[in-house]
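J.:
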Amino acid sequence: MATSVAREIHFGPGAPPTGRIPLGLAAGLLALAIFVVDTLTPLEGAVAVLYVVVVLLAAKISRRDLMLASAASVVLTAAAYLMSHGWHHVGSPTIRAAVSLAATGIVTFLSLQNQQASEKLLAQAQLLDLSHDMIFVRDPAGPITFWSRGAEECYGWTGSEAIGRRADDLLRTRYPSDRTGIEAELLCRGWWVGVVRQRTKSGFEIVVESRWAIQRDERGRPSGVLETHRDVTEREASHAALTQSERRYRRMFDASRAGLQQQDWSQVRSELRKLERSGVQDLASHLAHGTEFLERAKALVRIVDVNPAMLAITGAGSVPTFLGSLKDILSETDQTFAESVLAFARGDRFFEGETEVRTVDGRRVPVLFGLTFPGEEEGSDGEVLVFVVDVTERDKAQNALLAAQADLARAARVATLGELTASIAHEVNQPLAAIVTSGEAALRWLRRDVPDLGEVSSALTRTIDEGKRASAIVTRIRTFLAKGQLSRDRLNPAEVIEDAVLLVEHELAKNGVTVHMQIDADLPEVLADRVQFQQVLVNLMVNGAQAMASIPGSRRLTLRAKREAADQVAFAVRDSGHGIADDRLARLFEPFFTTKNEGMGMGLAICRSTVEAHGGRLTVQSRPGEGATFAFTLPVAEGVSP
Ligand code: ADP
0 MATSVAREIH FGPGAPPTGR IPLGLAAGLL ALAIFVVDTL TPLEGAVAVL YVVVVLLAAK
60 ISRRDLMLAS AASVVLTAAA YLMSHGWHHV GSPTIRAAVS LAATGIVTFL SLQNQQASEK
120 LLAQAQLLDL SHDMIFVRDP AGPITFWSRG AEECYGWTGS EAIGRRADDL LRTRYPSDRT
180 GIEAELLCRG WWVGVVRQRT KSGFEIVVES RWAIQRDERG RPSGVLETHR DVTEREASHA
240 ALTQSERRYR RMFDASRAGL QQQDWSQVRS ELRKLERSGV QDLASHLAHG TEFLERAKAL
300 VRIVDVNPAM LAITGAGSVP TFLGSLKDIL SETDQTFAES VLAFARGDRF FEGETEVRTV
360 DGRRVPVLFG LTFPGEEEGS DGEVLVFVVD VTERDKAQNA LLAAQADLAR AARVATLGEL
420 TASIAHEVNQ PLAAIVTSGE AALRWLRRDV PDLGEVSSAL TRTIDEGKRA SAIVTRIRTF
480 LAKGQLSRDR LNPAEVIEDA VLLVEHELAK NGVTVHMQID ADLPEVLADR VQFQQVLVNL
540 MVNGAQAMAS IPGSRRLTLR AKREAADQVA FAVRDSGHGI ADDRLARLFE PFFTTKNEGM
600 GMGLAICRST VEAHGGRLTV QSRPGEGATF AFTLPVAEGV SP
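First residue of the sequence shown: 0, per numbering that gives the first Met the number 0; consecutive thereafter.
(1) Which residues share a DSSP beta bridge with A544?
(2) To the nearest angstrom, how far is the alpha carbon of G369 from that of R363?
(3) What are the boundary residues of the alpha helix (DSSP H) that includes R554?
(4) Give me the Cβ distance between L539 and F629, rounded to the nearest whole Å; I'm assuming they're in contact under 8 Å.
(5) Any idea which residues DSSP pairs W190 with across the strands?
(6) I'd like to confirm something about I579: is its beta-carbon nearer than 8 Å to some heavy atom of ligand 1, or not?
(7) Taking T642 as part of the alpha helix (DSSP H), name the residues at either end of that continuous run.
(8) Can you tell which of R348, K273, V356, D347 has the C-alpha that lies nearest to the C-alpha of I312?
(9) When you measure from the CB of M599 to every non-hydrogen atom of ligand 1, does any distance come out below 8 Å?
(10) Could I get the ranges of all uninterrupted alpha helix (DSSP H) runs contained in the region 65 to 141, with 4 residues as the minimum, in chain order?
(11) Closest to G149 by C-alpha separation, out of G158, I143, G141, would be which residue?
(12) Give the DSSP-derived three-state secondary structure of T40 in the structure shown.
(13) Taking contact to mean at least 3 C-beta pairs separated by less than 8 Å, is the region 41 to 55 in contact with the region 76 to 95?
(14) Would DSSP call K482 helix, strand or coil?
(15) Name the residue from G511, E637, G552, G352 whose alpha carbon lies nearest to the alpha carbon of L490.
(16) Nearest to D360 by alpha carbon, out of N398, L310, Q397, E351?
(17) Answer with buried or exposed for A32, where buried requires no fewer than 16 other C-beta atoms within 10 angstroms of its C-beta.
(18) Whose C-alpha, out of G576, P590, K561, is nearest the C-alpha of L633?
(19) On a Cα-Cα basis, can you pick out the residue from Q397, A499, N306 that is closest to R256?
(20) Could you tell me the boundaries of the beta strand (DSSP E) in which L370 lies?
(21) Verify whether the separation of the beta carbon atoms of G314 and T354 is less than 9 Å.
(22) Counting pairs of beta carbons, one from the region 539 to 556 and one from the region 509 to 516, are three or more of them closer than 8 Å?
(23) Mind checking V639: buried by the 16 CB within 10 Å criterion, or exposed?
(24) Ends of the alpha helix (DSSP H) at R489?
(25) Taking M133 as the reference, which of D488, A97, I205 has the closest Cα?
(26) Please classify S654 as buried or exposed, where buried requires at least 16 other C-beta atoms within 10 Å of its C-beta.
(27) For T2 and K59, what's the separation of their Cα atoms in angstroms?
(28) Would the C-beta of G576 count as close to ligand 1, meaning under 8 Å from any of its heavy atoms?
(29) Kindly provide the ranges of any alpha helix (DSSP H) runs that are 4 or more residues long and lie completely inside the region 222 to 286, ordered along the chain.
(30) Return yes when at least one heavy atom of ligand 1 lies under 8 Å from the C-beta of T460, else no.
(31) Between V207, T227, F203, G202, which has its C-alpha nearest I213's C-alpha?
(32) With DSSP as the reference, label P634 as helix, strand or coil.
(33) Considering just the uninterrupted stretch of the alpha helix (DSSP H) at A649, what are its terminal residues?
(34) Going by the beta-carbon positions, is the gap between R559 and D574 smaller than 9 Å?
(35) Go ahead and label S91 buried or exposed: buried means 16 or more other beta carbons lie within 10 angstroms of its beta carbon, across all protein chains shown.
(36) Would you kindly report the start and end of the unbroken alpha helix (DSSP H) that includes V610?
As structure tokens, then:
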């Protein structure tokens, strides 16, 4: 054979050709037998015609063997004739010999033609072998007649195993629709295309894209079906995974209780590039200096999809009515778009903020939003996902809470009014008494025979000072009762303590209490509301004085102030009274807990909330018989060196 094929290619349902050696041997023996019979037997028949069988056998081997057998048959025919009849005998044996030679020649010619046709066919079949697709040819009835190398490699059966088997049985093919319908379509159109499932020799199921073409004989009857298959198992698997993930995303998108939008920012990207090309280096300052770009960019952000929750937030009836530009829904009060654009330009993956969107009926809805930018991938600017949460209810609740807190604080201040009345009376009475005393003293010095003007002057100075104190007390009370914000001032602790002691001087003196101050030098300033800070000290001192009212002996009130931590100053008011029993200690800060006949039980409760409002803590330590210590902290004013 002229071709060199690594694989034997088989056509037809028959067995593969017999090997070269047995065929050659058979042809040789047959030729010898014919020759012997032709030469040695007296048979008068055209025995030499049988050489055509030898030629046909050799034709099965190769072109060279065919030519060799043909030549040998001619030589043997001629030799037998000459040996039997000699040179000069012309008659019927000569005609028989000539017929035999003609038969050998014709068979040789036909066999050569047949061989050429087969070789051509083989060459074409080898072309099919070059393809990685699985190609086979089957009878219209089903049995396979050709099986390509691609089919061998993918399915696992060799040609000799597959040829002659019914394709559907061998591959256990599962069709997407009725098999008879597919066959009918093939016969009608001449081709069929579809995706089928088949099993390889090892039982593994593969998904293949199948193309069938029908072959017809000269009379138009189907003579074979060429099936080409491509293994698309992986492609199908990834396609299925993609479809599943898309479905999952869609479910999440639609079912999410947060509003979701898919936005397309690709035109904003081109605008940013244009801006860059025009020489804009600092985008942030460019955006800060004009709104023209931002307005254009806002109109260029396209909303391409929204979920039902987003429709509900804005009151839009359907998805198509919602889709458009971001400009259509973003409130004109929005302050976050510029920052979103900056985040997008920086390549950030996420940006969140708080803004307002417009509803279809013109209302503004406060929302929290999160933008997720997919990143630098080509085309991903069209897939910006936005999460939107309506915070109307939260804002309403927060505003209500703030109002309630303010009212409560005011109510608490008013509630202390009654309790404060007594001490206000004392506080204002005390300077008034001092004014009267100083006024009387001044008069006395004036009425002397020789008025002592120096004494008069100092008595009048005291009068003025006391008047100012009374006025300050009134101011403090007014501030305390006003519905105002807590003021935070940088206060010198020593000064505030001294002022507070002045306020309760009268009460302390009345109860025979001596005050001892242990105030560290160089205390840092604290951050507090002056009036409230004083109020706490006054309350604790008055309580201490009252607790010692019934004890015999010395009554000491000790005021301490020291730096506790880097950011705090600690204050303590200690008395030498009876102390507090354990069961009372626990209830001390409860509103309306009092052991006094005319007490209100609000003082300590208010002190504690005042201290806590300043970021500190008010605590008490006491053992019966050893007095009580009330301690609290206030924050150091920032920027003060230790
Ligand atoms: P009020 O003085 O109107 O009773 P407070 O809240 O200031 O209200 O005090 C609550 C109670 O705590 C007082 O009635 C008293 O029994 C107790 N208390 C407060 N300070 C002291 C103290 N220094 N020593 C002993 N008991 C005290």
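Where is the CB? At the ideal position from N, CA and C, for every residue including glycine.
T.: So, from the data block:
(1) Looking up residue 544 in the sequence shown gives position 545. Paired residue(s): none; A544 is not in a bridge.
(2) The residue you call residue 369 lines up with position 370 of the sequence shown. The residue you call residue 363 lines up with position 364 of the sequence shown. Taking the straight line joining both Cα atoms gives about 18 Å.
(3) Counted from its first residue, the sequence shown places residue 554 at position 555. Premise fails: R554 lies in the beta strand (DSSP E), 554 to 564, not in any alpha helix (DSSP H).
(4) Position 540 of the sequence shown, counted from the start, is the residue given in the question as residue 539. Position 630 of the sequence shown, counted from the start, is the residue given in the question as residue 629. Contact holds; Cβ gap of about 5 Å.
(5) For this step, residue 190 is matched to residue 191 along the sequence shown. W190 pairs with A212.
(6) As a working note, residue 579 is residue 580 in the sequence shown. Yes - ligand 1 has a heavy atom lying nearer than 8 Å to the Cβ of I579.
(7) An answer regarding residue 642 cannot be provided, because it is not within the stretch 0 to 641 covered by the chain.
(8) Here residue 312 is taken as the residue at index 313 of the sequence shown, counted from 1. Closest option to I312, Cα to Cα, is V356.
(9) Within the sequence shown, numbered from 1, the residue matching residue 599 stands at position 600. The beta carbon of M599 sits closer than 8 Å to at least one heavy atom of ligand 1.
(10) If you keep only unbroken alpha helix (DSSP H) runs of at least 4 residues inside the region 65 to 141, you get 91 to 129.
(11) The residue labelled residue 149 in the question sits at position 150 within the sequence shown. Closest in C-alpha terms to G149, from the list G158, I143, G141, comes G158.
(12) Against the sequence shown, residue 40 aligns to sequence position 41. Coil, per DSSP.
(13) These segments touch.
(14) Translated into positions along the sequence shown, residue 482 becomes position 483. Residue placement at K482 cannot be trusted, given a pLDDT of 44 that sits under 50; what the coordinates show is reported in the next sentence. If DSSP states are grouped into helix, strand and coil, K482 belongs with coil.
(15) Start at 1 with the first residue of the sequence shown, and residue 490 comes out as number 491. Of the listed residues, the one whose Cα sits closest to L490 is E637.
(16) In the sequence shown, residue 360 corresponds to position 361, counting from 1. Here the closest residue by C-alpha is L310.
(17) Mapped onto the sequence shown, residue 32 falls at position 33. Exposed, because fewer than 16 other Cβ atoms sit within 10 Å of the Cβ of A32.
(18) Residue 633 sits at position 634 when you count from the first residue of the sequence shown. Measuring C-alpha to C-alpha distances from L633 to each of G576, P590, K561 identifies K561 as the nearest.
(19) Working through the sequence shown from its first residue, we reach residue 256 at position 257. Out of Q397, A499, N306, N306 has the C-alpha closest to the C-alpha of R256.
(20) Stepping through the sequence shown from its first residue, residue 370 is reached at position 371. Start and end: 363 to 371.
(21) Position 315 of the sequence shown, counting from 1, holds the residue named residue 314. Position 355 of the sequence shown, counting from 1, holds the residue named residue 354. Not a contact, by the Cβ cut-off of 9 Å.
(22) Verdict: yes, contact present.
(23) Within the sequence shown, residue 639 is the residue found at index 640, counting from 1. With a pLDDT of 45 at V639, under the threshold of 50, the modelled position of that residue is not reliable, and no figure is offered here.
(24) Numbered from its first residue, the sequence shown carries residue 489 at position 490. Annotation for R489: no alpha helix (DSSP H) segment contains it, though the beta strand (DSSP E) segment containing it runs 488 to 490.
(25) As a working mapping, residue 133 is identified with position 134 in the sequence shown. Of the listed residues, the one whose Cα sits closest to M133 is I205.
(26) In the structure as shown, the chain begins at 0 and stops at 641. Residue 654 is therefore absent and cannot be evaluated.
(27) On the sequence shown, position 3 is the one that residue 2 refers to. On the sequence shown, position 60 is the one that residue 59 refers to. Confidence at T2 is low in this model, with a pLDDT of 36, below 50, so its placement is unreliable and the value that follows should be read with caution. Between T2 and K59, the C-alpha separation is close to 15 Å.
(28) As a first step, residue 576 must be located in the sequence shown, where it is residue number 577. Indeed, a heavy atom of ligand 1 lies less than 8 Å from the Cβ.
(29) Correct list: 232 to 254, 265 to 276.
(30) Translated into positions along the sequence shown, residue 460 becomes position 461. Not a single heavy atom of ligand 1 lies less than 8 Å from the C-beta of T460.
(31) Numbered from its first residue, the sequence shown carries residue 213 at position 214. Minimum Cα-Cα distance from I213 among the listed residues V207, T227, F203, G202 corresponds to T227.
(32) As a first step, residue 634 is located in the sequence shown; it is residue number 635 there, counting from the start. Collapsing the DSSP output to three states places P634 in a strand.
(33) A question about residue 649 goes unanswered here, because the residues of the chain that appear run from 0 up to 641.
(34) Within the sequence shown, residue 559 is the residue found at index 560, counting from 1. Within the sequence shown, residue 574 is the residue found at index 575, counting from 1. No, they are not a contact pair.
(35) Counting from 1 along the sequence shown, the entry for residue 91 is found at position 92. Exposed.
(36) Locating residue 610 in the sequence shown gives position 611, counting from the first residue. Following the DSSP letters along the chain, one finds V610 inside the alpha helix (DSSP H) bounded by residues 602 to 612.
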